[in-house]
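Each residue of the sequence shown is one higher than the one before, counting from 361 in the working numbering. Take a look at the structure set out below.
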Amino acid sequence: MVSSDVWDEQTASSYVEDSADMFDPAVVGPTVDFLRDLCAGGSALEFAIGTGRLAIPLSRSGIRVCGIELSPAMVAELRTGASEAEIPVVTGDMATTVVPGEFDLVYLAYNGLSNLRLQDEQVACFRNAAGHLRPGGHFVVELFVPPLRRLPPGQTAVPFDVGTDHVGFDTIGPVTQACRSHHYTRLDDDTWRYDVGNFRYAWPSECDLMAQLAGLGLAARYADWDRSAFTAESTKHVSVWRRLA
Ligand SMILES: C[S@@+](CC[C@H](N)C(=O)[O-])C[C@H]1O[C@@H](n2cnc3c(N)ncnc32)[C@H](O)[C@@H]1O
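Quick look at the structure:
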């Protein structure tokens, strides 16, 4: 039984609007370029493929793309933009679901790893990625750096967006590595909608250890898809591990 929240129809139907900044061509373009370069004309498997934000443009750039996705509602949204023949998707948990074939690239973008709320599941996810890769193939993860430096003693909440139409903050449990993202969104009728998501944070070094357990070695770590340098101030990382022979 997977620990992840299963995204429902309402979340799926508002995903494009709620994550509008992630659909900006200035974000999608460099991400797809980065992933395409690693595929070298071959094939890719996206874990937690969602509505196909990245998979659709990657597929249309000439890469064969498949996906794994837990939420049937998110897959239904993807199907409004790409057919099963174009992008085959298996509905299931990315920690355990197996897709036929061997891939040049497996990728897990936009904090997807943190949806797995148990360390064992995150370890299994790395092993599952490695199991889908040809030797020399790459696993790429885009993940936030836990914002613990912003937590003074006694405080458990970190705001990440305080605007007139949206207020978002994370509550963080440093012992369990549990994280809850709270969103208050103003609706057209001036009422507020509350949404909450549950996550598990992991440090980049913990990811490296999970990769090592799966037979993957770190090839590169960047601050973003533009290959900018990862530093102590980076709020997220784009990490690339290679499947060892
Ligand atoms: C932030 S969205 C990212 C979707 C897409 N990768 C993107 O970049 O737009 C996170 C996705 O992870 C999916 N998800 C959560 N837990 C999962 C799991 N255990 N296995 C597969 N997919 C999962 C959710 O249903 C959702 O579609």
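Note that CB positions come from ideal geometry on N, CA and C, so glycine has one too. Values in this document were obtained by computation on a predicted structure and should not be read as measured data.
Per DSSP, the continuous alpha helix (DSSP H) segment holding leucine 395 begins and ends at 385-399. Distances from the alpha-carbon of valine 556 to those of Ala415, Met570, Ser541 put Ser541 closest. With a cutoff of 7 Å, serine 443 does not count as near ligand 1, since its C-beta is closer than that to no heavy atom of the ligand.
Using a 10 angstroms sphere on the CB of leucine 508, the tally of other CB atoms stays under 16, which defines it as exposed.
Closer than 7 Å to some heavy atom of ligand 1: that does not describe the Cβ of asparagine 558. The residue from Ser421, Glu437, Asp521 with its alpha-carbon nearest to that of threonine 411 is Glu437. Annotated three-state conformation of proline 495 is strand, per DSSP.
The closest heavy atom of ligand 1 lies 7 Å or more from the beta carbon of tryptophan 601.
Distance from the CA atom of proline 385 to the CA atom of alanine 484, rounded to whole angstroms, is 33 Å. Contact check between the region 425-440 and the region 493-501: fewer than three CB pairs, one atom from each, fall below 8 Å, which does not count as touching.
Between the alpha carbons of aspartate 368 and alanine 490 lies a gap of roughly 29 Å. As a beta-bridge residue in DSSP terms, phenylalanine 504 pairs with Lys596.
Residue pairing by DSSP places arginine 602 opposite His498, Gly577 in a beta bridge.
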